[in-house]
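**Q**
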Amino acid sequence: MAGTGEKGQEKAAVLERQKVARPPMYRVFLLNDDYTTMDFVVHVLESIFHKSAVEATQIMLHVHKKGAGLAGVYTRDIAETKVEAVRSLARERQFPLKCVMEKE
Ligand code: TYC
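If you're matching positions, the sequence shown starts at 185 in the numbering used here and goes up one per residue.
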């Protein structure tokens with residue numbers, strides 16, 4: 185029967201793998217510090233992470249109280265671009281805001 189030989193099973197395994205494969209995802213976090221203004225962190229979350237004003241404020245306050253907070257989860261290239269955008273904007277405004285990513 186077609187597709188049940190050794191080669192057919194290999195092909196079926198490849199097709200199954202292709203069907204379920206997901207790219208690794210990366211969590212992007214903002215870290216608290218004593219100098220970056222709350223307004224700037226909210227602006228970062230709105231402009232770079234496309235959060236609403238309410239959600240951005242909630243995340244900023246979480247970071248302020250707990251030390252770190254999740255800004256978003258992305259594929260590696262997008263996560264790297266977000267981290268670099270935060271660092272660039274923070275540097276421009278002379279804030280020490282830290283942004284890091286970690287693999288899920
Ligand atoms: N802790 C800062 C302040 O009191 C506010 C802040 C929040 C800074 C979140 C960084 O990622 C941050 N001005």
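Here a beta-carbon is modelled for each residue, glycine too, at the ideal position from N, C-alpha and C.
This structure is a prediction, so every number in the text was calculated from the model and none was measured.
Given V257, which residues of its chain have a CB within under 6 Å of its CB, disregarding the five upstream and five downstream residues?
**A** Counted from its first residue, the sequence shown places residue 257 at position 73. The answer, listed in chain order, is M209, R211.
**Q** How would you call M185, buried or exposed, if buried means at least 16 neighbouring beta carbons within 10 angstroms?
**A** As a first step, residue 185 must be located in the sequence shown, where it is residue number 1. Residue placement at M185 is poorly supported in this model, since its pLDDT is 38, which falls under 50; the coordinates still yield a value, given next. Result: exposed.
**Q** Less than 6 Å separating the Cβ of T220 from some heavy atom of the ligand TYC?
**A** The residue you call residue 220 lines up with position 36 of the sequence shown. Checking the Cβ of T220 against the ligand TYC gives yes.
**Q** Taking its Cβ as the centre, do 16 or more other Cβ atoms sit within 10 Å of T220, making it buried, or is it exposed?
**A** Numbered from 1 along the sequence shown, position 36 holds the residue referred to as residue 220. Classification of T220: buried, given that the 10 Å Cβ count is 16 or more.
**Q** From L281 to Q193, what does the alpha carbon distance come to, in whole angstroms?
**A** Position 97 of the sequence shown, counted from the start, is the residue given in the question as residue 281. Position 9 of the sequence shown, counted from the start, is the residue given in the question as residue 193. The alpha-carbon atoms of L281 and Q193 are separated by roughly 52 Å.
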